[in-house]
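Enquirer: One rule links them: number in my numbering = place in the sequence shown (from 1) + 252.
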Amino acid sequence: MFVDPLGDFTNTAGAIIVSGDLEAAKKAIIKHYTTGFKIVFIPIFGSVEKQLSDLCYFLVNMQSGFLAGLHNAQITLLVDELDEGFPSGVMMRNPKNGFGYLCKRGRHYGINLVGISQRTAQVDVCFRGNLSAVYLFRHADPIDTQKAVDMIGRQYKERFLRLNNFQYIYKSGQNIKIC
């Protein structure tokens, strides 16, 4: 499942594209749930945060059988432009945000999260603080750089600052890889 505010994933092979209509996206998920699916949902501009939250609660309901041990089907939810759908401070404004709930409890429902954003600092800490792995590319803004360095460790600051375009640092647990 892709939530894609700018439509960057619309050329994903075999994907069903749903633009703006969250109810249509839910119907597509229900229809294809047992056969495997790739759905690209393009939320309405200005409603990304709410539509993402609503979609997440829908996915929790769909995956309640996983929590109960009735099945082992898992879902991966990829959110592009995460700073639009889960901006910094959202959990303080709305502690019942659906994506925030998945950040904290999604694994219990078999829901895996992938978030993509150019602006690390503009994504809520609830997501950043629950990462099992992260790819950090070169940042232009000092606040994003600081958040990245906070995530990988101060000992990597100089190396991170020297990254060229398309180079990155990967961190999973205590394992660090510079590519």
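By construction, the Cβ of each residue, glycine as well, lies at the ideal position given by its N, Cα and C atoms.
Note that the structure is a prediction, hence the values are computed from the model and not measured.
1) Would the beta-carbon of L304 fall within 7 Å of that of G337?
2) Taking F289 as part of the beta strand (DSSP E), name the residues at either end of that continuous run.
3) Run the CB neighbour count on Q315, radius 10 Å, all protein chains shown included, and call it buried at 16 or more, exposed below.
4) Looking at the strands, I want to know which residues DSSP matches up with A385.
5) Would a C-beta distance cut-off of 7 Å place F379 and G362 closer than the cut-off?
6) What are the boundary residues of the beta strand (DSSP E) that includes N364?
7) List the endpoints of the continuous beta strand (DSSP E) containing S340.
8) Cβ of F318 less than 7 Å from any chain C Cβ?
9) My assumption, with CB atoms under 8 Å, is that G352 sits in contact with M343. Please give the rounded CB distance.
Expert: Walking through what the data contain:
1) yes
2) In this chain, F289 is not harboured by any beta strand (DSSP E), its DSSP state being neither H nor E.
3) Its Cβ being crowded by 16 or more others within 10 Å, Q315 is buried.
4) S424
5) no
6) 363-367
7) Careful: S340 lies outside any beta strand (DSSP E) and carries neither H nor E.
8) The displayed structure is made up of one protein chain only, and chain C is not part of it.
9) 5 Å
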